[in-house]
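>
In structure tokens form, the structure reads like this:
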């Protein structure tokens, strides 16, 4: 199954405007699109943060939890829309995401190809809560998605501190990040965005421990608004 792609930058701007207003377009029109989403994204129920078996536990790799920092450690507030293409075991799908980060809270909302809310991840100093649609079977852990996001977007010093309890190390430069645990690479990412603007651009990464690859096209709210207003 090959996902449809956005026709241009203006389409991507309209995606953000519609998604932020709660009028999300269907990125994929095929009914089969959500089947791949079920395979890759799910958890069975709404659960609070908990033990290692809990799908909301932020595991970067099996048995390797990330010591979550605070949302405020990002150092900025963010509102961004994302177009996410995920591949695993030969299956590929596209879904829409929205990320909101304030000093008090991180919020991730994922919507499937039929416009239905698939998951909500809320993280604050009070803890981590994951809500998923009842039709989603277990597959990819929402907590692990959060762990990926923190490792990929939070400042390098913060990420290194978060990896330390698991014995993890971070190698990073302007265009890539790599995480190793026990000397083995578990995550590798390459990114293309303007300096200081990680929420507008393209990120491609592989979580080698969990066996999936993801491409993320992100657009921050300010960029989307200015592009949508342009003639």
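In full-length UniProt numbering, the protein residues as written are 1 to 231. Glycine included, C-beta positions come from ideal geometry on N, C-alpha and C.
1) Helix, strand or coil: how does DSSP classify residue 147 here?
2) Closer than 8 angstroms is the cut-off here; do at least three beta carbon pairs connect the region 76-96 with the region 166-174?
3) Which class does residue 160 belong to by DSSP, given the choice of helix, strand or coil?
4) When burial is assigned at 16 or more other CB atoms within 10 Å of the CB, is residue 210 buried or exposed?
5) Answer yes or no: do residue 221 and residue 79 have a C-beta to C-beta separation smaller than 7 angstroms?
6) Helix, strand or coil: how does DSSP classify residue 61 here?
7) Checking the sheet assignment: what are the DSSP bridge partners for residue 258?
8) To the nearest angstrom, how far is it from the Cα of residue 98 to the Cα of residue 150?
9) Run through the region 66-95 for me and flag every whole alpha helix (DSSP H) of 4 or more residues, listed as ranges in chain order.
10) According to DSSP, simplified to helix, strand and coil, what is residue 152?
11) Would you kindly work out how many angstroms separate the C-alpha atoms of residue 213 and residue 126, rounded to a whole number?
12) In chain order, what residues of the same chain have a beta carbon less than 6 angstroms from the beta carbon of residue 67, not counting five sequence neighbours either side?
13) Return yes when the Cβ of residue 77 is within less than 7 angstroms of the Cβ of residue 128, no when it is not.
Taking the geometry as given:
1) The residue given as residue 147 occupies position 147 in the chain shown. Reduced to three states, the DSSP call for residue 147 is helix.
2) no
3) Translated into positions along the chain shown, residue 160 becomes position 160. DSSP places residue 160 in helix when its eight states are reduced to three.
4) In the chain shown, counting from the first residue as 1, residue 210 sits at position 210. Classification of residue 210: buried, given that the 10 Å Cβ count is 16 or more.
5) Within the chain shown, the letter at position 221 stands for residue 221. Within the chain shown, the letter at position 79 stands for residue 79. Closer than 7 angstroms, so yes.
6) In the chain shown, counting from the first residue as 1, residue 61 sits at position 61. In the structure shown, residue 61 sits in a strand (DSSP, three-state: E or B).
7) An answer regarding residue 258 cannot be provided, because it is not within the stretch 1 to 231 covered by the chain.
8) Residue mapping note: residue 98 aligns to position 98 of the chain shown, counting from 1. Residue mapping note: residue 150 aligns to position 150 of the chain shown, counting from 1. Roughly 15 angstroms separates the two Cα atoms.
9) none
10) Against the chain shown, residue 152 aligns to sequence position 152. Note: residue 152 maps to helix in three-state DSSP.
11) Here residue 213 refers to the residue found at position 213 when the chain shown is read from its first residue. Here residue 126 refers to the residue found at position 126 when the chain shown is read from its first residue. In a straight line, the C-alpha of residue 213 is about 31 angstroms away from that of residue 126.
12) Position 67 of the chain shown, counted from the start, is the residue given in the question as residue 67. Answer for residue 67: 162, 165, listed in chain order.
13) Residue mapping note: residue 128 aligns to position 128 of the chain shown, counting from 1. Residue mapping note: residue 77 aligns to position 77 of the chain shown, counting from 1. Their beta carbons are not under 7 angstroms apart, which means residue 128 does not touch residue 77 by this criterion.
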